[in-house]
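Asks: Protein chains in written order, with numbering that gives the first Met the number 0: chain C, 0 to 241; chain V, 0 to 241.
Number of protein chains: 2
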Amino acid sequence: MLPAQPNQSLIDGLTVIQALAMRDAPVGCRELARETGIELTKVNRLLKTLAHIGLARQNPGRKYITGPGIHVLASQALHGSGLLKTAFDPLEKLSQLNLIVALGVLWRDQVSYLYFRTPGTSAAQAIGSLGLFPASQSSIGMVTLAGMEMEEVKSLYAGKVIPGYENSQALFFKEVQKTREQGYGLVYRDDTKETSMAVAVGMPLVGAIALSGRMKNNEQNTYLKILKNIAKEITERLEKNL
Amino acid sequence: MLPAQPNQSLIDGLTVIQALAMRDAPVGCRELARETGIELTKVNRLLKTLAHIGLARQNPGRKYITGPGIHVLASQALHGSGLLKTAFDPLEKLSQLNLIVALGVLWRDQVSYLYFRTPGTSAAQAIGSLGLFPASQSSIGMVTLAGMEMEEVKSLYAGKVIPGYENSQALFFKEVQKTREQGYGLVYRDDTKETSMAVAVGMPLVGAIALSGRMKNNEQNTYLKILKNIAKEITERLEKNL
DNA sequence: TGTAATGTTGCTATATTAGCAACAAATGCT
DNA sequence: AGCATTTGTTGCTAATATAGCAACATTACA
């Protein structure tokens, strides 16, 4: 439902901190303006406002980075979300498979990872460790897109080049459709020979969990079953929270 | 530095989601307006805007709760913050003391907990599990307030009743000053006979870690030393991230 | 040294917000 | 049940804040 007096400044301002928070290095306001599609002057002033309340900061070269307030926002959002808390222990079980274990959500046309655990690392290192990844090249991204209306997906990519499908948007939409029908996301990367599979989490969908790594064809079904079970467990635990 | 065109809508809008995210039950817009001190109509319209972008939602009784977008915001803020990831393993070490272990940050005059672990529970359950607690009654709150300018602290509590110091603001400010001088926060709760101690984390300060529970006087120094060591470790690890 | 990029702001027409007052719906109380 | 509050919500218009071009100083790069 669209409000009586919608507030575009709030929407744009949120987009700006979110874009800023995902960066691992200082960013300029012009670059953020290009990335977000928001007019430059506006971005600059929103950043200055964010800096004023401590959510952003400027380094000596006047580039922007997140400020101390981001810890507070993280704390609050984490509490309001509860997704990481709920999924943490179930995901722990997956880590013994010696594959990458991930929990991600969709932001614009990219996947943001709440949890990304590489084999051999501690669970702590998995928390918010990975930044953004193009949704079209991610199994989590595909299964999350598959949970949206096709029109939404199309408007999300309107006028954009789709990573991994540079020559054919149609092929990409077909792939999304296929993902929807089979109920899980599957991406194979040729260069690393790695397979990623993802299953949606939440009812309605709030994100997805994934397993990724080199796996043989006959192992895939086993992994998929395990993944689906964990996804179901997380979804059920989410219901209980509310 | 205050910007050329500061954006109050963004500031207020952020305040509203933050307040909303900390609630464990649905809240009305009028209640949020009272809590935040923002004019009612504005809060209502900001909430509707937040609902429009998925950060908020209305339940059947038209009360507001966080929406699915909060998971995305949590993911992004968590990545931008890095505090939980950095502190997680060091905090794990503290859990074997059989005391409550907490990591909190200051929001307005309250403490928001990134991590709050009760003895006997899993680390996962500690993630963003506890909502808000009055800073004046929290060791984390006291040590964080002690890291601020006294003027800031006073303006934070201007015209308010200070929880735990209902009869004397002066006594509270004295306590803050004492906390600053001794370099750690100490709070004793008479009803439960529990002691809480907290040490600041980050340089400059971004939050604090705490130990809490029943402890004998002669144990306090030992615990304090351990706590200081862990705080130092976390602070150093934070430096390395940037 | 020149060229192109960057962060930043002054300016004013324009669009947006502020916030009172009013409304209907829900809730609490008797 | 009925009355009195309290709630979420919006219409309205004066007052305000924003949009965004163009320009500036500064920095990176050739």
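C-beta atoms are modelled at their ideal positions from N, C-alpha and C, and glycine is treated no differently.
Could you tell me if T40 (chain V) is buried or exposed, where buried requires 16 or more neighbouring beta carbons within 10 angstroms of its beta carbon?
Replies: Classification for T40 (chain V): exposed.
Asks: Let's see if you can read the secondary structure: which residues bound the alpha helix (DSSP H) around A230 (chain C)?
Replies: Element bounds for A230 (chain C): 216-240.
Asks: What does a CB cutoff of less than 6 Å around T143 (chain C) pick up in its chain, not counting 5 residues either side in sequence?
Replies: Only L105, A207 meet the Cβ criterion.
Asks: Determine the chain V residues that contact Y112 (chain C) at a beta-carbon separation under 9 Å, and present them in chain order.
Replies: Under the 9 Å cutoff, chain V gives S74, H78.
Asks: Is the distance from the Cβ of L49 (chain V) to the Cβ of I10 (chain V) below 8 Å?
Replies: No, they are not a contact pair.
Asks: Go through its chain and collect everything with a Cβ distance to F87 (chain C)'s Cβ below 8 Å, but skip five positions before and after it.
Replies: Within the same chain, F87 (chain C) has close Cβ partners Y114, A122.
Asks: Can you tell which of V:L45, V:Q4, V:K177 has the C-alpha that lies nearest to the C-alpha of G12 (chain V)?
Replies: That would be V:L45, whose Cα lies nearest to the Cα of G12 (chain V).
Asks: Closer than 8 Å, CB to CB, is M141 (chain V) near chain C or not?
Replies: Not one chain C Cβ lies under 8 Å of M141 (chain V).
Asks: Go through its chain and collect everything with a Cβ distance to G27 (chain V)'s Cβ below 6 Å, but skip five positions before and after it.
Replies: Counting only Cβ-Cβ distances below 6 Å, and skipping sequence neighbours, we find K62.
Asks: How big is the Cα-Cα spacing for Y187 (chain V) and G212 (chain V)?
Replies: Cα to Cα, Y187 (chain V) sits roughly 9 Å from G212 (chain V).
Asks: Count the other C-beta atoms from every protein chain shown that fall within 10 angstroms of the C-beta of P89 (chain C), then say buried if there are 16 or more, exposed otherwise.
Replies: P89 (chain C) should be labelled buried.
Asks: Applying the 10 Å Cβ sphere with the 16-neighbour rule, what's the burial state of N58 (chain C)?
Replies: Classification of N58 (chain C): exposed, given that the 10 Å Cβ count is below 16.
Asks: Return the chain-ordered list of same chain residues with a C-beta closer than 7 Å to the C-beta of S80 (chain C), the five sequence neighbours on each side being excluded.
Replies: Excluding sequence neighbours, S80 (chain C) sits near nothing in its chain.
Asks: Quick check on N228 (chain V) - is its C-beta less than 8 Å from some C-beta in chain C?
Replies: Not one chain C Cβ lies under 8 Å of N228 (chain V).
Asks: For L170 (chain V), report the span of its alpha helix (DSSP H) as first-last.
Replies: That run of the alpha helix (DSSP H) goes 168-181.
Asks: Measuring straight from C-alpha to C-alpha, what distance separates S154 (chain V) and D189 (chain C)?
Replies: Distance between the alpha carbons of S154 (chain V) and D189 (chain C) is about 60 Å.
Asks: Once DSSP output is grouped into helix, strand and coil, what is the label at M196 (chain V)?
Replies: Strand at M196 (chain V).
Asks: Given a cut-off of 8 Å, decide if L129 (chain V) and Y156 (chain V) are closer than it, judged by their beta-carbon atoms.
Replies: In this structure, L129 (chain V) does not lie closer than 8 Å to Y156 (chain V) by Cβ.
Asks: So is Q7 (chain C) buried or exposed if we call it buried at 16+ other beta carbons inside 10 Å?
Replies: By the 10 Å Cβ count, Q7 (chain C) comes out exposed.
Asks: Residues in the same chain with beta-carbon distance under 6 Å from K192 (chain V), minus the five sequence neighbours each way, listed in chain order, please.
Replies: Contacts found: R213.
Asks: Give me the residue from V:V205, V:L170, V:N97, V:L77 with the minimum Cα distance to V110 (chain V).
Replies: Nearest option by C-alpha distance: V:V205.
Asks: Quick check: the Cα distance between P5 (chain C) and N240 (chain C), rounded to an integer number of angstroms?
Replies: Cα to Cα, the separation comes out at about 30 Å.
Asks: With a threshold of 8 Å between beta carbons, is I208 (chain V) in contact with chain C?
Replies: It does not; no Cβ of chain C falls within 8 Å.
Asks: Excluding the 5 residues flanking D23 (chain C) on each side, which residues of the same chain have their C-beta closer than 8 Å to its C-beta?
Replies: Hits under 8 Å: G130.
Asks: Which residue spans inside the stretch 69-130 of chain V form an unbroken alpha helix (DSSP H) run of at least 4?
Replies: Listed in chain order, they are 82-93, 122-125.
Asks: Looking only at its own chain, which residues have a Cβ that is under 7 Å from the Cβ of E235 (chain V), when we skip the five neighbours before and after it?
Replies: Closer than 7 Å at Cβ, skipping near neighbours: no residue.
Asks: From the DSSP output, in three-state form, read off A209 (chain C) for me.
Replies: It is a strand residue.
Asks: Cα separation between L226 (chain C) and K92 (chain C)?
Replies: When rounded, the distance between both Cα atoms is 10 Å.
Asks: So with CB distances below 7 Å, who are the chain C contacts of K231 (chain V)?
Replies: Chain C residues near K231 (chain V): none, gap ~18 Å exceeds 7 Å.
Asks: Give the secondary structure of V160 (chain V) by DSSP, where H, G and I count as helix, E and B as strand, and everything else as coil.
Replies: Correct three-state label for V160 (chain V): coil.
Asks: Determine, using beta carbons only, whether M141 (chain V) and T178 (chain V) come nearer to each other than 8 Å.
Replies: Yes, these two residues count as a Cβ contact at 8 Å.
Asks: Using a C-beta cutoff of 8 Å, does A169 (chain V) count as contacting chain C?
Replies: Taking Cβ atoms only, chain C never reaches closer than 8 Å to A169 (chain V), which makes this a no.
Asks: Relative to the C-alpha of Q136 (chain C), which residue among C:I161, C:R107, C:T85, C:I233 is closest?
Replies: Answer by Cα proximity: C:I161.
Asks: What residues match up with A55 (chain C) in a beta bridge as DSSP calls it?
Replies: C:T65.
Asks: Quick one: what does DSSP say G60 (chain V) is sitting in, helix, strand or coil?
Replies: Note: G60 (chain V) maps to coil in three-state DSSP.
Asks: Which residues mark the beginning and the end of the beta strand (DSSP E) in which V186 (chain C) is found?
Replies: Element bounds for V186 (chain C): 184-188.
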